[in-house]
């Protein structure tokens, strides 16, 4: 029998992906998973997955998140923890470390923000014109009353 040494400490694993959303926008996503093997199941891990268990299993588990981003929150964390447990691996933490959209999406968001600011500016200009109109009416009425008194 030959002894095999397993590192049972928590270790980080990072996965990156570029994929499209359902509205055809490109998203760059990086996921970091902190994992460790389930110590009392090391024999099962070795028999089924080998010494490189984490390199064989974690990328596919991570890709499940990268392609299924609709529930990026506690649901993702719980799902990945359950999935890793199937392979006798504990996930101590799951974090999306980078998320960015493609240039087209960023431009569209910027254009929308500019349009919203222009709408707000137009509302302000209209409100200002209305106030100036009211002020002119009040001023004219005041002058009229003042001239009538003299």
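Residue numbers (full-length UniProt numbering): 1 to 150.
No residue lacks a Cβ here, since even glycine has one placed at the ideal position from N, Cα and C.
The model shown is predicted, which means the values in this text are computed figures rather than measured ones.
Alpha carbon of residue 147 to alpha carbon of residue 140, nearest angstrom: 10 angstroms
Residue from 88, 89 and 93 whose Cα sits closest to the Cα of residue 76: 93
Among 43, 16 and 143, the one whose alpha carbon lies nearest that of residue 59: 16
For residue 12, three-class secondary structure by DSSP: Three-state result, residue 12: strand.
Assigned exposure category for residue 35 - 16 Cβ within 10 Å defines buried: Under a 10 Å Cβ-count criterion, residue 35 is classified as buried, with 16 or more other Cβ atoms of the shown protein chains found around its own Cβ.
Own chain, CB closer than 6 angstroms to residue 109, minus 5 neighbours either side, in chain order: none
Span of the beta strand (DSSP E), counted from its first residue to its last, around residue 41: No beta strand (DSSP E) holds residue 41; DSSP gives it neither H nor E.
Cut-off 7 angstroms between Cβ atoms - residues of its own chain near residue 6, not counting five sequence neighbours on either side: 37 and 42
Three-state secondary structure (DSSP) of residue 90: Residue 90: strand per DSSP, three-state reduction.
Sub-8 angstroms separation of residue 87 and residue 49 beta-carbons: yes
Opposing strand residues paired with residue 56 [DSSP bridges]: Residue 56 is not bridged to any residue.
Buried versus exposed call for residue 138 [16 or more other C-beta atoms within 10 Å across all chains shown]: exposed
heavy atom of the ligand NAD below 7 angstroms from residue 147 C-beta: By its list of ligands, the structure shown contains no ligand whatsoever, and the ligand NAD lies outside what it can speak to.
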